[in-house]
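As you go down the protein sequences, you meet chains H and R in turn.
Residue 671 in this note's numbering is what sits at position 175 of the first sequence, and the numbering runs on without skipping anything.
Residue 243 in this note's numbering is what sits at position 233 of the second sequence, and the numbering runs on without skipping anything.
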Amino acid sequence: MPCEIITLQLGQCGNQIGFEFWKKLCGEHGISPEGTLEDYATEGTDRKDVFFYQADDEHYIPRAVLLDLEPRVIHSIMNSPYAKLYNPENIYMSKQGGGAGNNWASGFSQGERIYEEVFDIIDREADGSDSLEGFVLCHSIAGGTGSGLGSYILDRLNDRFPKKVVQTYSVFPNQDEISDVVVQPYNSLLTLKRLTQSADCVVVLDNTALNRIATDRLHISNPTFSQINSLVSNIMSVSTATLRYPSYMNNDLIGLIAPLIPTPRLHFLMTGYTPLTTDQEVASVRKTTVLDVMRRLLQPKNMMVSTPLDRNTQHCYISILNIIQGEVDPTQVHKSLQRIRERKMAQFIPWGPASIQVALSKKSPYITTAHRVSGLMLANHTNISALFERTLHQYDKLRKREAFLEQFRKEAMFAESLDELDSSREVVQQLVDEYKAATTPDYLSWGLNHDAAEA
Amino acid sequence: MSLSMQGKFDELSKELINHVLGFEEGEENFIRSEQYVLSNLLYHHCLAVNSHNVRRSIDGLVLKFSIHGQHHRSQQLQNLTSKFLASPFFKDHDELDIEWSLLSLLLHLSNSPTQVPVSDDEILLTLNKSSSPVKSLHLAEENIDWVAYLRQGEPEYVVGVEQPLSDWSSDDEKNETEDEALYNQYSPIKSSSVAVKDTCNLPRAPTAQELLEQSHRAQSWLAANTHTQYWGSKKYQQCAPLSSHPAANVAKLWETKCGSRGSQQLSEWAVMRETVWVLMCPSTSHIFQYNADQGFVVHPEITIPSLTPGAAKRLLEELCLPLNQLLEIDAFLKKCEVPSVDPPFPVTLQAYATGIRLWRHRFQSHLATIEDQIKKQESTCTLSWLEGELYPWLRTLSAIATVHSMAAMRPEISPREAAVRLINGLCDGVESAGEPGVRCVLLRLLLHTLRHYLSIINNWLLHGSLVDHAQEFIIQRSESVKVTDETFWHDAFILNPHHQSEAKQSRRSSLKFLSPLVGALTTVGKSRELLAVLDVEPLPRSSAILYLHQKSKMDPEMVLEEVIIRHIQDALYGSSEKAKENTEGNEGVADDSSALTEVDQHMVSNYQQVDPLLLAAFIGDAGTPASPTMTAQKDSVTRMIEDMAEVPRAISVVSLLSSAISPLIRKKEEELSARLTQVLLEKYHMDRHCQAVRSILLMEAGDVMHEFYSHLFSKIDIGESIDGISLTLHLQDCVTRLVPDLAPLFSVSVSSASGFLNSAEENKTDNQSVPADSMLGKDSNQTKEEEQDKNKLGSDSTTMPLSKAGLPDISINYQVPYPVNLLLSEKVLSQYNILFRFCLSIKRATNGLERLKFKDLASWNAVIGSGSNTEDAAGPLLSRLHRLQLLRLWLLCFTRELHDHFANTVFLPFHQTVEKLFLSRPSLNVIITEHEKLLNRLITNCLMGSGKTSSPLQIVLNKVFWLSQRLGQLWRRDIGRVTCNELSAIETQYAQVHRYLVNFLTRLTTTNYLPHLEGLTRTLVDTVPLLTQP
């Protein structure tokens, strides 16, 4: 089977969005919570084998590895109707069960300890696939397990599977509720370093933006995790739709993300989705056309990343991939693209090709939606650096006061020095710098200028 | 016969009377009855038969039979008689001469009992005694015998008979005279006894005066009924008119005046009769003489008493042309009676001949009535009257002859052309005919002629077989194309078997009314044949019939011919009832056709009264056309055609026929097409095969093909040799996941054409073909380096010849199962393969670039590892790395742009249109043509249509592929060794390629209307690279 993708769900957040993701996939492919094919699922044009494999008794089993250092979320999954879906051997819960305590260092060092066991699972899963394309990692960057263990696993994946693509769905913390985990900036910074260096592509899921969208756009006063996660799972499923519904184009993960990423480090993608609906608002009166969808996708309010307006820098798109689903007239696509270009709806980098790719994808025949056309945008935008800058800013604030560092010092990694934090800060700073540099035409000779600046 | 028997007779007769009648002796009735019995017994000459007489009569009969040619009968009579006489039954019979008595009885019985000419015979015989001595001798003998016999018997009787008998005898005689007729009828035997008595009463015979009167009557009858022979003999017998009126003797007066002599005067009656005869059977006669050079000519010296020779000649000469025409037509008819087998005689011509023959029959029966009228002499019949009678017929004849001159089967034209020419000629004839009668006759003729065509069509429509032995139908089945051939649909039926050189002629030879329907007809035929071969029940018969039924409210069993004739009738005369009224109304008018039917009816009724058998024979003869193959049903059609009344106004026969046939054919076409489509789609899954081909060759099944081409590319990239077999296996393996049952039908063939061996050189020339190249002088170093690289690449792939796009000459074959290959023919598949290679080359370029991962960038890790500490080394290195990465982005975006463009605006619409096409379930015709059209458009849209020379787009793709290859080399090489020059070279080359394509597309979109390319052009213009370094 070509292009299989193994999903790794890490920590509380990772497992929660992973759970939603699988729920979504099952629905789209007509797979029951027990893993059997529903009677109505007769279309057969979809490719289930990218994310599922079939056991001997024809049951579909997700290529998913569930990892957590505390059993709460996984237990709740195992008590849900989807309990039988997963391969129980792929579920790893730390025997201590204490979790990482929102501590990156703890997660990271626990990772070292459970390395053998975790990679036994991953290896077995990788061996079980014909031609593994890569891994998808679901985690949050602010907590303990997702960030710490995630970082560790990212590093190890790079060593173990250097040829495989590693994509992450990384949940960035909600800035409005920063008080929950005060050490968020430390965790985020340390994770960002790994994401920058070891991941091929990071899809940024910004909790701040997601919550705002839920409250402002969807009018949910107190959005629950599951509501937010259904948004997330929607993004995840659409972004993999082209892999699951084969067509002339974009049949592998690398083909999907390669044109989006110009240089190794500029691989943080933001997402946008339209039309946004929840269950309460199914009956929409909106008329959806390709142009309409593509225009909406370019509006900042539909972006799922909370990026403050930066007046100093002319932020711009590096590249855009629109995945359009539904009843699409292909001729409309080019008309829409032309209009977008003519009206300069999107500001593009001055040094590279203004590439707006459009991937038309089939929709699941088993799920009825209120909209004829829907679209997901995966965009590489320099504005994303604002998130990193914010992290740097918060980190600097904490670091200045040497706050909450005790927890880190407990772990061997930070026992002697906090160099790791410094190096992480440097990497993230470089990332921000590169994003900023990418907004100018000078980026062509960025290496030279950079050197000059360094010198 | 002795007296001793008298008593016995008495006894027996008494018993008989008692037994039969129940009278008792002594009753008056009894006495009468006894007298009757005895008289019959005693005086009947059967009892005293003259054996010589009887033998003579029988011999006479035998002779008579043999003279009358009834040898068989005479033989039989003789045999029977001799056998009868020799019968052992009569030997030692106590009745003497009983055999002769019986024979005599039989002989008398065999005569008409009411018409025994006893007395007259006797009279004549006595009268002619002297003239025939032999006969008289016999008669004398006979007489003597009779008399002697009678006299012999009488005394005996007198002697032995008592009183009452003599009384009875006188009574009897009295009775007889009173009721002679009764007796004659009642008993022939009695009458002969009467005859015997008559001979005895000679004074009663007719007088001489009576005889004279009789003979005079006979003579005058004879004179009135005898024709003097005016023909043949050299000496003309002049026919003197009875009238002495000068007008009746113009010829005589003319002769005496001019002094010329020698012209034969014939009675007008004779001339009329001869005219009628010669029209009935055009052959040389006294008046009309035939010679081979001039045809018919009028005998130069003939006139009728009331006309001068010149006037008579002119009058009669007018008949010569019709006679010639008749002769020609008759000759044609005769020829048609014995149609040649090799080459087969066109049935259309035969049908035409049948039509003509029917007309000829009408004409002849009309002539027969005219002759009757002339013969009866009940009304005044003159030549001018005859001329008037014949005029409409002769007009028709000339019209027919005009058409016929075209119909004549000449050896140099094919049966088909002959048939077409004939039908077209008839159509023209009908349309140009001025008189209703002529039009009607020609229309009938046309309909007769068309019958074969129609029956071919009918057969074809209903039974699916194109039966056309004589190869005369407008459409012909090409024998070389089998139904299982993939070209069947295109080539199975030939409309025009002529060569190109005869194009002009063949255009003329197409049927006017059928030509618009030829497409539909062939579709029906092909569908039929295909369905038959596919072993599928064609439409349930009822539906077609139902249609006909609805359409024409007629008998469902009707065949096409009938339907069409009805249609034409309806069109011409309104509804059929109206037509009937019309004909009835027309009967009063003296037009030929209705008059004819009247005459026919008259004749029919006459004969029906006289002799039903004769009538039956007559009708049978008239009703049965010459061709014995015609069925009874067809006969009804013939009658229908013949019953058509005249056409009052000019008609367009072509449109009439078209409108009659087309709904039937169209309907049939629709039905059959729908059925065929249904069968092809449902039973043979044509759409599924088509989809499979699209999925694989057009890479719609992206996942499957992705697996296939990644495997292929990786093999090529590492320089492994590829072969068709392993690729086939791999492809089948991939396809199995998609369509397991169709996977074995796919195979890959890789041709190792030598043309690809020196791909490097070709690629070099390719560089020149990019115009932008020539603008920038190339750095010689750079070129050298490039060549080295190419050589390196070339050496990598020495095992496998690759094309400029870095691809082997690969094609995917699909073994299309039988009925589906009508759509997916070899030609179509080869087109698909062109597209496949195009897709593959796009994928190749894209795929290569996508595989360039940052992790693989050789020096990346070193840079990362060294971090920013190794500033000196990282300086230019970082910049070069960066440029390399950006170059990758540019190239990748460029190729993705192309890739996405073709995927979204070219391949996807094609996919959708084809799916829609199949969903709408059109006829196979539409499927094939539309599919072909779409495919062609697809090829054009991919800019691949320009044939052998590779299109600019292909050049660009090749170029981009080589750039990406070089980029890949640099990517994997130690970045420290990559010079800025190298990078700049690739960058400029890429920029040139990009601009080249932009220029090309801009030119294309400004000169042509290519909406699908405008978006691409716009995008490419927007993304013209800015890579050139300051």
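The beta carbon of each residue, even a glycine, is placed where N, CA and C say it ideally should be.
A quick note: this is a predicted structure, and the numbers were derived from the prediction, not measured.
Along the segment 989–1001 of chain R, there is no position whose C-beta sits under 8 Å from a C-beta of chain H. Pairwise C-beta distances place the segment 627–637 of chain H in contact with the segment 500–512 of chain H, as three or more of them are shorter than 8 Å. Closest in C-alpha terms to Phe517 of chain H, from the list H:Met800, H:Ile757, H:Ser860 and H:Ile731, comes H:Ile731. Taking a cut-off of 8 Å for Cβ pairs, the segment 305–316 of chain R and the segment 270–287 of chain R touch, as three or more such pairs fall below it. Counting only the Cα atoms, Val307 of chain R lies some 8 Å from Asn301 of chain R. Distance from Leu531 of chain R to Ile467 of chain R at the Cβ level is roughly 7 Å; contact confirmed, criterion being Cβ atoms closer than 8 Å. Those residues of the segment 719–733 of chain H placed with their C-beta closer than 9 Å to a C-beta in chain R do not exist. Between Asp910 of chain R and Gln853 of chain H, the C-beta gap is smaller than 9 Å, which places the two residues in contact. Exposure of Cys268 of chain R is indicated by the presence of fewer than 16 other C-beta atoms within 10 angstroms of its C-beta. The way I'd put it, the segment 592–607 of chain H does touch the segment 638–657 of chain H; three or more beta-carbon pairs between them come closer than 8 Å.
Between the segment 583–599 of chain H and the segment 551–569 of chain H, the count of Cβ pairs shorter than 8 Å is three or higher; the stretches touch. A check of alpha carbon separations from Arg921 of chain H across H:Tyr682, H:Thr770, H:Asn707 and H:Ser851 identifies H:Tyr682 as the nearest. According to DSSP, His500 of chain R shares a beta bridge with no other residue.
Annotation for Ser636 of chain H: the continuous beta strand (DSSP E) segment containing it runs Ser627 to Ser636. Contact between Tyr588 of chain H and Leu563 of chain H holds, with the beta-carbon distance rounding to 5 Å and staying under 8 Å.
Closer than 9 Å to the CB of Lys858 of chain H there is not a single CB belonging to chain R. Of the residues assessed, Ile863 of chain H falls on the exposed side of the cut-off, its CB having fewer than 16 other CB atoms within 10 angstroms.
The criterion of a C-beta distance shorter than 9 Å is not satisfied by Leu817 of chain H and Leu888 of chain H. Here the alpha carbon of Ser92 of chain R sits roughly 56 Å from the alpha carbon of Trp369 of chain R. For the segment 822–833 of chain H, the beta-carbon criterion of a distance under 8 Å to any beta-carbon of chain R is satisfied by Pro826, Thr827, Val829, His830, Lys831 and Leu833. Against chain R, a Cβ distance below 9 Å from Ile750 of chain H picks out Glu860, Arg861 and Lys863. In this structure the segment 839–848 of chain R lies against the segment 699–717 of chain R, because at least three pairs of beta carbons, one per stretch, are closer than 8 Å. Pro742, Ser743, Tyr744, Met745, Asn747 and Asp748: these are the residues of the segment 734–749 of chain H whose beta carbon lies less than 7 Å from some beta carbon of chain R, given in chain order. The criterion of a C-beta distance shorter than 9 Å is satisfied by Leu914 of chain H and Phe904 of chain H. Around the beta carbon of Ala96 of chain R, fewer than 16 other beta carbons lie within 10 angstroms, which makes this residue exposed. By the neighbour-count criterion, in which 16 or more other beta carbons inside 10 Å mark a residue as buried, Asp20 of chain R falls on the exposed side. By the criterion of at least three beta-carbon pairs nearer than 8 Å, the segment 97–117 of chain R is in contact with the segment 57–71 of chain R.
For Tyr463 of chain R, the enclosing alpha helix (DSSP H) begins and ends at Pro446 to His473.
Annotated three-state conformation of Ile757 of chain H is coil, per DSSP. Nearest C-alpha to Ser662 of chain R among R:Ser295, R:Ala443 and R:Val703: R:Ala443.
Listed along chain H are Pro755, Ser815, Gly848, Pro849 and Ser851, each with a C-beta nearer than 8 Å to that of Cys903 of chain R. Using a CB distance cut-off of 9 Å, Pro861 of chain H does not count as an interface residue toward chain R. Neighbourhood of Gln975 of chain R in chain H, by CB distance below 7 Å: empty, with the nearest CB roughly 17 Å away. In this structure, H:Gly640 is the residue among H:Asp623, H:Leu940, H:Gly640 and H:Ser625 with its C-alpha nearest to the C-alpha of Asn599 of chain H. Where Asn730 of chain H is concerned, the enclosing alpha helix (DSSP H) starts and stops at Phe721 to Ser735.
From the beta-carbon of Met709 of chain R, the residues of chain H found nearer than 7 Å are Tyr744.
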